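Novice: After the structure tokens below, expect a handful of questions from me.
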Amino acid sequence: MHHIQPSNQWQNNLSIPLKSWLYAEGSLTQQLTDLAQGQFQVELINEQYQRMQKQDAQWMNMPLHHLAWVRESYLYGCERQPWVKAKSIFPILSLRKKARIFPHIGKKPIGHYLFQRTQPECQRRVIYQDDGWTRQSCYTWHGCKFIVQETFLAQFEAFIQK
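One gets the numbering used here by counting positions in the sequence shown from 1 and adding 1 to each.
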């Protein structure tokens, strides 16, 4: 797994408990479910085809002019407020073979499929965005590349610091 480290200025604002979540390997779905004692829910915000952003296309080594299927959702644990805002970017070229299921999974978590009897190759970068600390993971799964971005919201950070 490769990491892009945020600048030292940002690092100083990063709590130790949150840092372990940002750099954890494996299924975030399973990790959140464990933390919430079996509770986990996906709320879809938006699903649509859209043009890829330049930095995403470059990271996945995909043509910039191609479309991607983009899914945005909130992930909930055992509280009323969402813990994570997730965004998945599947280039058209990656929606083949086993990955063709992803536009049809509805409210099921992507991690349920991604980590089922497999450990996909992953490159990761951690950045700070308006909503909070975000990990971006570029997965290669059964020969298909896609990005899963997870922003840990303030409610989650408050929960893990209790």
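A virtual CB, placed ideally from N, CA and C, is assigned to each residue, including glycine. These numbers come from a predicted model, not from an experiment.
#1: Does the structure place the segment 76-90 close enough to the segment 140-152 that three or more beta carbon pairs sit under 8 angstroms?
#2: Taking 8 angstroms as the threshold (beta carbon to beta carbon), is W70 in contact with chain B?
#3: What's the gap between the Cα of R52 and the Cα of Q40?
#4: Are the beta-carbon atoms of P92 and M61 separated by less than 8 angstroms?
#5: List the endpoints of the continuous beta strand (DSSP E) containing Q40.
#6: Name the one or two DSSP bridge partners that E169 has.
#7: Using only alpha-carbon positions, find the residue among C123, Q156 and A159 that is nearest to G144.
#8: With DSSP collapsed to three states, give me the class of G107.
#9: Quick one: grab the DSSP three-state call for T30.
#10: Within the same chain, show all residues whose beta-carbon is closer than 7 angstroms to that of H67, passing over the 5 residues directly before and after it, in chain order.
#11: Indicate whether W142 and A87 have their beta-carbon atoms separated by less than 8 angstroms.
Specialist: Short version:
#1: yes
#2: Absent from the structure: chain B. Only one protein chain is present.
#3: 34 angstroms
#4: yes
#5: No beta strand (DSSP E) holds Q40; DSSP gives it neither H nor E.
#6: Residue 169 is absent from the structure shown; the chain starts at 2 and stops at 163.
#7: C123
#8: coil
#9: helix
#10: M53, P92, I93 and L94
#11: no
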